[in-house]
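Reviewing the structure listed below.
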Amino acid sequence: MSKLSFLSNRILWHSSCSNCRDIRLPHYFGNKLNPKINIMWTGPKVVSKVITTQTIEALTNVLKRRPVIWDNIHANDYDQRRVFLGPYDGRPVELFPMLNGVLTNPNCEFESNFIAVHTLASWLRDSSLITAEEPMSIDPKAEKSSISGEPMEEDLLASTESDGNDNAEKETDQGDSQENSSSETDSEIVKVEGEMETESGASLSESKSVTVRTIYNPQNALREAVSAWLEEFSKVKHATSRTYAKSGTYCMTTEAMPVQVQAAMATYTTSTTSATTSVCSPVVTPSPIKVAKENSRKKLSTSSSPEKKVGELVKKEQEMPMEISILKEKAVLSPLSVEDLLLLVDLFYLPYNHGQKAKQIIADFKWLKFNAIKEDSQEFMELTEQEQKSKITEWTDKAEKFHEICRSVGEMFVRLTETSNRALLYDLYPYVWDVKEVLQLLDTFVNWLSTKNKRKKQKGQSFFPEDPEPWVFRGGLCGELQRLLPIDGGHEVFNLRAPEIPTTCIYTIRPYQTEDEKSLYEICLSTCDDWKDGHDLFPDKHQFNMAGDRFVGPYLKICPEHVFVVEDGDGICGYAVATPDSKHFYEQFKKHWLPEVCKKYRKPRGNSSEWTYAEQLASSFHSPSIFLPEDLSLKFSAHVQIYLLPLAQDLGIGKRLLACVLSALKAEDCTGVHCEIATTNYNALDFYTKLGFYNIPLKELAPPDTVIFGRTF
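1 is the number of the first residue of the sequence shown in the UniProt record's numbering; add one for each residue after it.
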């Protein structure tokens, strides 16, 4: 025979509700609702960390029936970036004889619920070992005091405090240690005596003697579930196209059907068309740069066939498929293992807790960031040579351990992506891809700290309430890791979309090294024609370095610590150059860089309207035009330029690269950055607009063929 169940989301037993009028609602249900109707309860909060026997006993007194637990411990519909793979926890097995059932509200993604269901089954299995001679009794005094008008919450709070579980419920730091809510003793006898009468006057019980053998251990249940879950990954199962409705603005997938990666930039926003149009509309005369490029191509068409070996090499590189694994140097990848899945679980544990590896990542990054060494600081110079060496060794060892765990996440990501169970993969992929991307940002920042030897001790202020629901911690582990970066306020650069079609391709961003110079010069040449290949602009192969000497060389010479490169499995495919102080940079540029390049390239003569692009660049060396008005320098002191080969011109890569640059600049106390863009470079205008840049209104007009974009962070 079916039984009617009733759920009221207004029955919230919590200290903050002790004076609410709604506290009388459960008394009304208990007195007026048919005893045969079940009442479901979510626990002290909508998503409860702990549900104790004391709260259930007190609630049962009022409802005059055993409640059914509506458990949201694994529900993830309130946060786009969280999925919960941890074990069923925070509910002691002693609850079993006190309930009419447990209904679990799982993750939105069906395939991600294996551990949630498996560990709940383990909990029920171990709970069934509890034997009760009589049903649970209810204390009539608690009912009488509640009916007489005294707040039920006070009784609940007192019971909870006496049990010592209120501290666990009030913990808001997600880095708290994982809790084992089950009893530590192997067996115990629980005796409760009392009496309760229903509306009909029938006594539920007079005494109870319950023998409890509490053998449920969340960690043991988790390992058992993971071992069983591993078998699911080897099953051949096809994915189905579907989307999941969740709250928040963050979106990892917006369309049910896969789309081509090449079209990604066109689908992110439609608002940039007007921006680029308004920027370019004032240009009514041909740009000198555009004329020079046309002159170069005219001269090329009338001359003999130029040397194109380098251009052909770049073309081949551009035609490489996107699905390139950075780990392909390993001949055979080991299959997905239990350790991989345990790492995955640690990254997506439970609403109030991170797993051990996740907590280690947070703690290590905080330590590395706070203790980063600045070798030219007074504090460091006062140390003895042995103390300095010891300090550097300690930091380096900790950094290497951090790099290793980041690499292990990347390797787990690759093995997961190659699983046969595509249905399971498609449900997990956006989350694993997201945490992999964020960890790579942190890894890049740690690499930058090691090369820059920069320390900025920053203390953030917490605005979290004392006892929040889990949705207050937006983004889970990913959100918490992002908030550790200096640019914690620049949320739009973290709003990344996972590929619609899972791929093992991993792009790594790292600080520049001296051996990268040749590759960066080649990329500069391959993108100097408004982000298109510019080899044909230089008929003489001896001129191939001119673009690099103009757009990337000065940064490698003056501020190499603010140059970042993008790598895939086949090598470098993009880079970003930046400087925190544009005024100082241009001073060094004129003093140290221009004299060198002026010796390499002669100043062109003749009519400037007939110059080639190479001659136009040569002229810029001998007669530099630097645009840095006072109002630009004050608010947007830093500047940046990003160059990506076509195969890497994806907005997600650009956002990650910009996040690395802005983190480094923010660590230098910068709050504003600008960039110069040719008005003919529509791709760049669109790209930077999507990265949060906008056309800066200045008192002084920019050069006729240039627009100044900027943003604060």
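Don't be surprised by glycine CBs; every beta carbon is placed ideally from N, CA and C.
- Secondary structure at residue 372: coil, using DSSP grouped into helix, strand and coil.
- Unbroken alpha helix (DSSP H) runs of no fewer than 4 residues, entirely contained in the region 577-622, are found at 582-588, 594-600 and 613-622, following chain order.
- Residue 113 has its alpha-carbon roughly 6 Å from the corresponding atom of residue 106.
- Taking 8 Å as the upper bound for CB-CB distance, residue 358 and residue 352 are not in contact here, some 13 Å apart.
- Straight across, the Cα-Cα distance linking residue 640 with residue 662 is about 9 Å.
- Your pair residue 110 and residue 434 does not check out as a contact, with CB atoms roughly 19 Å apart and the cut at 8 Å.
- A direct Cα-Cα distance of roughly 23 Å separates residue 552 from residue 652.
- Going by DSSP, residue 71 is part of the beta strand (DSSP E) stretching over 68-71.
- For residue 709, the uninterrupted beta strand (DSSP E) run begins and ends at 706-712, by DSSP.
- Taking 8 Å as the upper bound for CB-CB distance, residue 561 and residue 451 are in contact here, some 6 Å apart.
- Under the three-state reduction of DSSP output, residue 508 falls in the strand class.
- Inter-residue distance for residue 346 and residue 83 is about 11 Å (C-alpha atoms, whole angstroms).
- Under the three-state reduction of DSSP, residue 123 is assigned to helix.
- By the Cβ criterion, the region 619-638 is in contact with the region 599-607, since at least three pairs of Cβ atoms, one from each stretch, lie closer than 8 Å.
- Residue range 651-667 is occupied by the alpha helix (DSSP H) that includes residue 660, with no beta strand (DSSP E) assigned at that position.
- Pairing residue 693 with residue 675 gives a Cβ-Cβ distance under 8 Å.
- Residue 538 sits close to residue 614, with the two beta carbons spaced by under 8 Å.
- Around the beta-carbon of residue 582, 16 or more other beta-carbon atoms lie within 10 Å, marking it buried.
- Assignment of residue 360 by DSSP, reduced to helix, strand and coil, places it in the helix class.
- Across the set 391, 611 and 664, the C-alpha of 664 shows the shortest separation from the C-alpha of residue 563.
- Per the Cβ contact rule, the region 370-377 is not in contact with the region 503-512 (fewer than 3 Cβ pairs under 8 Å).
- Cβ atoms of residue 88 and residue 41 stay farther apart than 8 Å, at about 17 Å.
- In the displayed model, residue 398 falls within a helix according to three-state DSSP.
- A residue is called buried once 16 or more other Cβ atoms fall within 10 Å of its Cβ, and residue 697, having fewer, is exposed.
- Annotation: the continuous alpha helix (DSSP H) that includes residue 631 extends over 630-635.
- By a beta-carbon distance limit of 8 Å, residue 485 contacts residue 442. Their separation comes to about 7 Å.
- For residue 641, no alpha helix (DSSP H) segment is defined; the enclosing uninterrupted segment is the beta strand (DSSP E) at 638-644.
- By alpha-carbon distance to residue 501, the top candidate from 579, 127 and 429 is 429.
- Annotated three-state conformation of residue 49 is coil, per DSSP.
- In the DSSP secondary-structure assignment, residue 118 is not bridged to any residue.
- CA-CA distance, residue 512 to residue 519, rounds to 11 Å.
- For residue 444 and residue 689, the gap between their C-alpha atoms comes out near 24 Å.
- When the alpha-carbon of residue 580 is set against those of 482, 120, 559 and 419, the nearest one is in 559.
- By alpha-carbon distance to residue 541, the top candidate from 532, 667, 91 and 525 is 525.
- Burial is judged here by how many other beta carbons sit within 10 angstroms of a residue's own beta carbon; residue 576 has at least 16 and is buried.
- When secondary structure is reduced to three states using DSSP, residue 84 falls in the coil class, being assigned neither helix nor strand.
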